[in-house]
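Same order as they appear, the protein sequences are chains L and G. The opening residue of the first sequence carries number 370 in my numbering; numbering runs sequentially from there. The opening residue of the second sequence carries number 120 in my numbering; numbering runs sequentially from there.
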Amino acid sequence: MKRKWNWAIWVGFVVVVGGLFSYGFFAEYPITRDFPWANLSLFAIGGALLIFGLFRAFGRPQLYRGKIFGPILTAIALLLIAFFSYEIFYVLRQVPLSTHAPRIGERAPDFMLLDQNKQPVGLGDLLSGSRAVALIFYRGFW
Amino acid sequence: MRSFQQKLSEFDARGIRVVGISVDSPEINRRQSQKLGYTFPLLSDPKAEVIRRYDVLHPGAGPKGADIARPAEFLIDSSRIVRWVNLTESIAVRARPEQVLSAFNQIEPAGQ
Numbered sequence: 370m371k372r373k374w375n376w377a378i379w380v381g382f383v384v385v386v387g388g389l390f391s392y393g394f395f396a397e398y399p400i401t402r403d404f405p406w407a408n409l410s411l412f413a414i415g416g417a418l419l420i421f422g423l424f425r426a427f428g429r430p431q432l433y434r435g436k437i438f439g440p441i442l443t444a445i446a447l448l449l450i451a452f453f454s455y456e457i458f459y460v461l462r463q464v465p466l467s468t469h470a471p472r473i474g475e476r477a478p479d480f481m482l483l484d485q486n487k488q489p490v491g492l493g494d495l496l497s498g499s500r501a502v503a504l505i506f507y508r509g510f511w
Numbered sequence: 120m121r122s123f124q125q126k127l128s129e130f131d132a133r134g135i136r137v138v139g140i141s142v143d144s145p146e147i148n149r150r151q152s153q154k155l156g157y158t159f160p161l162l163s164d165p166k167a168e169v170i171r172r173y174d175v176l177h178p179g180a181g182p183k184g185a186d187i188a189r190p191a192e193f194l195i196d197s198s199r200i201v202r203w204v205n206l207t208e209s210i211a212v213r214a215r216p217e218q219v220l221s222a223f224n225q226i227e228p229a230g231q
């Protein structure tokens with residue numbers, strides 16, 4: 370008897386890969402960027418499908434395929450999840466401590482820099498006629 | 120940054136100027152502003168002098184090991200006093216405009 374296609378393994382693997390590559394999309398929105406729960410949910414769904422598929426492949430091998438591809442795809446999926454977790458929970462957290470950054474109650478250091486029209490802009494210019502300045506330091510687009 | 124642009128009218132209504140600072144050149148800032156529709160100024164600190172002054176330098180984190188700014192947000196009042204700071208623990212997590220607005224609302228209650 371021809372054995373059945375073990376769809377759970379393949380779908381699970383595709384969902385895990387999708388969980389990795391959808392980060393660029395989910396990172397566009399603060400709610401899914403601040404904590405990557407959307408990506409982790411996809412990993413969980415994909416992982417559950419892979420486990421289900423492996424149980425079928427090894428539990429009823431006369432009925433289902435996947436004894437070779439199942440472990441291979443599961444191993445690749447685990448590596449992808451490990452890579453994602455390393456990047457998100459370790460690499461992106463390697464931020465300097467900035468212990469000497471101005472604190473609440475301290476005077477903000479002055480500056481004079483060129484804006485996008487090459488006009489010099491200082492902190493005093495920004496504060497004149499306004500009640501506060503929200504100063505946003507960002508990594509840049511290079 | 121995009122989220123700040125989306126909420127810019129709320130900053131304007133309170134008299135808060137939003138401004139970005141990075142190591143990018145004015146040319147890049149001009150292009151980015153046009154591309155992303157930013158109407159607040161982007162300031163250029165190519166040698167990271169101001170970035171160092173605020174101690175928000177991320178050494179070697181830029182292209183080819185260049186020094187760049189780490190994400191950080193400050194709310195400065197009209198007497199140049201820092202009233203609120205956000206120093207993120209992850210590059211992926213940055214201040215949301217609502218946080219800055221609520222920090223401002225707390226230091227300057229409406230109607231003043």
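For each residue, glycine too, the CB sits at the ideal point set by N, CA and C.
{"Item": "Does any residue of chain L have a CB that is nearer than 8 Å to the CB of GLY184 of chain G?", "Value": "no"}
{"Item": "Below 7 Å on C-beta distance, what does SER128 of chain G contact in chain L?", "Value": "Going along chain L, no residue has its Cβ under 7 Å from SER128 of chain G, so there is no contact; the nearest lies around 14 Å."}
{"Item": "Please confirm if PHE480 of chain L has its CB atom under 8 Å from at least one CB of chain G.", "Value": "yes"}
{"Item": "Taking PHE148 of chain G as the query, report the chain L residues whose CB atoms sit under 8 Å from its CB, ordered along the chain.", "Value": "Per the sequence shown, the amino acid found at residue 148 of chain G is Asn instead of Phe. Chain L residues near ASN148 of chain G: ASP484 and GLN485."}
{"Item": "Run down chain L in chain order and give the residues with a C-beta less than 7 Å from the C-beta of THR158 of chain G.", "Value": "Within 7 Å Cβ-Cβ: nothing; THR158 of chain G doesn't reach chain L, min ~11 Å."}
{"Item": "Are the Cβ atoms of ILE195 of chain G and ALA477 of chain L separated by less than 8 Å?", "Value": "yes"}
{"Item": "Can the beta-carbon of ARG215 of chain G be found less than 8 Å from the beta-carbon of PRO399 of chain L?", "Value": "yes"}
{"Item": "Could you pull the start and end residues of the alpha helix (DSSP H) that ALA191 of chain G belongs to?", "Value": "Taken as a continuous stretch (DSSP letters only), ALA191 of chain G belongs to no alpha helix (DSSP H), being part of the beta strand (DSSP E) at 191-196."}
{"Item": "Comparing C-alpha positions only, which one of L:ALA407, L:GLY435, L:LEU409 and L:ARG500 sits nearest to ILE420 of chain L?", "Value": "L:GLY435"}
{"Item": "When the distance is taken between beta carbons, is PHE223 of chain G closer than 8 Å to ALA501 of chain L?", "Value": "yes"}
{"Item": "Would you call the CB atoms of VAL212 of chain G and ALA191 of chain G closer than 8 Å?", "Value": "no"}
{"Item": "Please name the residues in the region 168-195 of chain G whose beta-carbon is closer than 9 Å to at least one beta-carbon of chain L, in chain order.", "Value": "GLU168, VAL169, ILE170, ARG172, TYR173, ASP174, VAL175, LEU176, HIS177, PRO178, ALA180, GLY181, PRO182, ALA185, ILE187, ALA188, ARG189, PRO190, ALA191, GLU192, PHE193, LEU194 and ILE195"}
{"Item": "Do SER141 of chain G and ARG508 of chain L have their CB atoms nearer than 8 Å?", "Value": "yes"}
{"Item": "Apply the 10 Å Cβ neighbour rule to LEU466 of chain L and answer buried if 16 or more other Cβ atoms are within range, or exposed otherwise.", "Value": "exposed"}
{"Item": "Leaving out the 5 sequence neighbours to the left and right, which residues in its chain are closer than 8 Å to LEU496 of chain L when beta-carbon positions are compared?", "Value": "VAL502"}
{"Item": "Between G:ILE210, G:ARG136 and G:ILE226, which lies nearest to ILE187 of chain G when the distance is taken from Cα to Cα?", "Value": "G:ILE210"}
{"Item": "Assuming ARG202 of chain G contacts ILE473 of chain L under a Cβ cut-off of 8 Å, what Cβ separation, rounded to an integer in Å, is found between them?", "Value": "6 Å"}
{"Item": "Taking only beta-carbon atoms, is GLN225 of chain G less than 8 Å away from chain L?", "Value": "no"}
{"Item": "Could you say if the region 377-391 of chain L and the region 407-426 of chain L meet the contact criterion of at least three C-beta pairs nearer than 8 Å?", "Value": "yes"}
{"Item": "Bridge partners for PRO489 of chain L per DSSP, in chain order?", "Value": "L:LEU483"}
{"Item": "Taking only the alpha-carbon atoms, compute the straight-line gap between ALA444 of chain L and ASN205 of chain G and give it to the nearest angstrom.", "Value": "39 Å"}
{"Item": "How far does the alpha helix (DSSP H) with VAL385 of chain L in it extend, from its first residue to its last?", "Value": "376-390"}
{"Item": "Which complete beta strand (DSSP E) runs does the region 148-210 of chain G hold, if anything under 3 residues is left out?", "Value": "161-163, 191-196 and 201-206"}
{"Item": "Straight-line CA distance for ALA396 of chain L to PHE427 of chain L?", "Value": "38 Å"}
{"Item": "DSSP puts LYS373 of chain L in a beta bridge; with which residues?", "Value": "L:TYR433"}
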